[in-house]
Amino acid sequence: VAPAGNYIYMWSPEDSLTCVNCPSTSAVGLWYQTTYQLTVEDENGCRANDFINIYIDKNRKVFVPTGFAPNGNIANHLLRTHGEEGTIVHTFKVYSRWGELVYENPESFEINAPNIGWDGTFHGKEMNPAVFVWYLEVEYVDGAKESYKGHSTLIR
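Numbers 1 to 156, taken from the working numbering, label the letters of the sequence shown in order.
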């Protein structure tokens, strides 16, 4: 049964909402926990309020494979970064087991970039199979920054 009469809907706060005077709305581009209040007023001036809490899952996912084989196989020819769309990689460095920097990205790039990563060479020469250490600094779409480190095996 639909309610009779005219109602006024007021959502607050207004930021990130697609409609602030509709019976239902959507929050778009919300990157933090927020509580919204809905106030409904009928034609007699009677008001009712309700609240809804929006919780944001900030379980960040960043991944660098534990191994790669730069042998011409398109799917696995670079040691690349993987993660949530919109994440920016500011630093991606790869070191040899002796601590020598063998790769560093020249500028920031979006994670999952298909052609950005280490190709297993150093000064134009193929490196021997070994374990290499990597370091990564990323910035998420909400402005939060994190660093990661790990190791990957170069397979030939």
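Positions of the beta carbon are idealized from the N, C-alpha and C atoms, including for glycine.
Nothing here was measured: the structure is a model prediction, and the numbers come from that model.
- [ ] Starting from the C-beta of residue 48, find all residues in its chain whose C-beta is less than 6 Å away, skip the five residues before and the five after it, and write them out in chain order.
- [x] Closer than 6 Å at the Cβ level, and outside the excluded window around residue 48, lie 40.
Next item on the list: Could you check what DSSP says for residue 113 in three-state terms: helix, strand or coil?
Entry: DSSP places residue 113 in coil when its eight states are reduced to three.
Subject >> Cβ distance (whole Å) where residue 138 is taken to contact residue 90 below 8 Å >> reply: Rounded to the nearest angstrom, the Cβ distance from residue 138 to residue 90 is 7 Å, consistent with a contact under 8 Å.
Cβ-based burial, residue 87 [other Cβ within 10 Å; buried from 16]: Under this definition residue 87 is a buried residue.
- [ ] Kindly list the residues whose CB is nearer than 6 Å to the CB of residue 79, restricted to its own chain and excluding five residues on each side of it in sequence; keep chain order.
- [x] 68, 117, 118 and 152
Measuring CA to CA, which of 53, 62, 128 and 30 is closest to residue 112? 62
Through-space distance from residue 147 to residue 122, alpha-carbon basis: 24 Å
Thinking C-alpha only, which one of 8, 26, 15 and 30 is nearest residue 143?
The residue from 8, 26, 15 and 30 with its alpha-carbon nearest to that of residue 143 is 30.
### Query
Looking only at its own chain, which residues have a Cβ that is under 8 Å from the Cβ of residue 21, when we skip the five neighbours before and after it?
8, 9, 10 and 11
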